[in-house]
Amino acid sequence: MPEETSKKIAYWVSWTGPAWVVSFILTWGVMGRNYPCPPQTLSGAELVSQYYGHPSVMLGMALATSVGILYMPWSIVMAYQIWQREKTPLLALMALSGGILTALLIVYVCSQWSWCARWAGQPGVDPEMIKAVHLSTWYFFDMTYNITNVQLLGCGLFAILDRSEHRIFPAWLGWFALFTGASFFLETIMPYFNRGPLAINGWWNFWFGFIIWFLWFSLQSMFVLKETRRSIGQPSPAIAAGQQVHGAYGLR
């Protein structure tokens, strides 16, 4: 395939970033009624009647399962941009693997909430079982934050250490990525709190955690898109593996 064709494909694939953040907020957030999510203090019957009783939840979660995978191709494009500028693609592989696993995580948890919405309130289905699946899915979503942190660490370190003539990401965005990852650490103690800022639906655990993640993703997407647009018609940086690399880290 001609190099210029690959660059044009990368440009269009990079739009999966903005597409993901907009579609996921609309499906998982608005239609899925996660503004915020239900507190874990609700009984099974209350969860079914007050949350899963809304018909938009099942459709929202089903659609979120579908669009959630857009996180993966965006991560691939971003990781490739980093890979082209590394002597050894360690940080690129961190960005890639963390992004792919995050995409799979998103798809899985949304499909589980879709299942809960489908069977909630059905004859013979215990509401407490619905609550158990609902909460275990939230625990799985929140407490596996270090999967996404692998991506954030790779992206953050690259932005901070990159000394290329044409930088892809500004250093401040790298620091913001590291701060975003560090802010997730309190998810570890989330099970101990039924109420307050560290609860599942608390202002720190839910509102701050998701807002800062979506903000980092949106900013990162902007620079990924900018780079794919700039690269069309321009010579590509040399890829590692024996070729000359333009723009090393400046570390020895």
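Using this note's numbering, the letters of the sequence shown map in sequence onto residues 264 to 515.
Heads up, the beta-carbon is just placed ideally off N, CA and C, and yes, glycines get one too.
In this text the structure is predicted, and so the values were computed from the model without any measurement.
Check the C-beta distance from residue i over to residue j and give it rounded, since I have them as a contact under 8 Å.
i, j, result
"residue 373", "residue 331", "6 Å"
"residue 491", "residue 338", "With 8 Å as the limit, residue 491 and residue 338 do not qualify as a contact, their Cβ atoms being about 14 Å apart."
Please name the residue, chosen from the options, that lies closest to residue i on a Cα-to-Cα basis.
i, options, result
"residue 275", "294, 340, 266", "340"
"residue 406", "450, 286, 471", "450"
"residue 319", "379, 269, 283", "379"
"residue 302", "487, 349, 490, 466", "466"
"residue 333", "498, 366, 268", "366"
"residue 488", "336, 290, 265, 322", "336"
"residue 472", "486, 300, 419", "300"
"residue 364", "408, 286, 322, 394", "408"
"residue 516", "497, 268, 265, 371", "Shown here, the chain extends from 264 to 515; a query on residue 516 therefore has no answer."
"residue 280", "485, 497, 498", "485"
"residue 342", "459, 421, 322", "421"
"residue 356", "392, 387, 412", "412"
"residue 442", "322, 392, 474, 264", "474"
"residue 289", "266, 322, 391, 264", "322"
Could you tell me the distance, in whole angstroms, from the CA atom of residue i to the CA atom of residue j?
i, j, result
"residue 444", "residue 344", "21 Å"
"residue 347", "residue 361", "18 Å"
"residue 304", "residue 457", "6 Å"
"residue 502", "residue 429", "Note that residue 502 has pLDDT 44, beneath the 50 cutoff, so the model's placement of it is unreliable and no number is given."
"residue 495", "residue 310", "51 Å"
"residue 375", "residue 397", "7 Å"
"residue 306", "residue 297", "18 Å"
"residue 453", "residue 461", "6 Å"
"residue 437", "residue 377", "35 Å"
"residue 358", "residue 415", "7 Å"
"residue 369", "residue 328", "7 Å"
"residue 308", "residue 464", "19 Å"
"residue 283", "residue 483", "13 Å"
"residue 493", "residue 273", "11 Å"
"residue 447", "residue 479", "13 Å"
"residue 419", "residue 394", "37 Å"
"residue 423", "residue 439", "10 Å"
"residue 351", "residue 287", "34 Å"
"residue 470", "residue 477", "11 Å"
"residue 498", "residue 269", "12 Å"
"residue 455", "residue 417", "30 Å"
"residue 294", "residue 265", "42 Å"
"residue 349", "residue 389", "54 Å"
What I want to know is whether the C-beta of residue i ends up closer than 6 Å to one or more non-hydrogen atoms of the ligand COA.
i, result
"residue 371", "Inclusion of the ligand COA in the displayed structure is not the case, the ligand content being empty and no account of it being possible."
Three or more beta-carbon pairs under 8 Å between the region 426 to 438 and the region 394 to 408, yes or no?
no
Given 8 Å as the limit, is there contact between the region 381 to 398 and the region 303 to 321, that is, 3 or more CB pairs closer than that?
yes
Unbroken alpha helix (DSSP H) runs of length 4 or more, entirely within the region 450 to 501: which are they?
472 to 494
I'd like the ranges of any beta strand (DSSP E) spanning at least 3 consecutive residues and lying wholly in the region 346 to 399.
none
Start-end ranges of the beta strand (DSSP E) lying completely within the region 294 to 334, minimum 3 residues:
none
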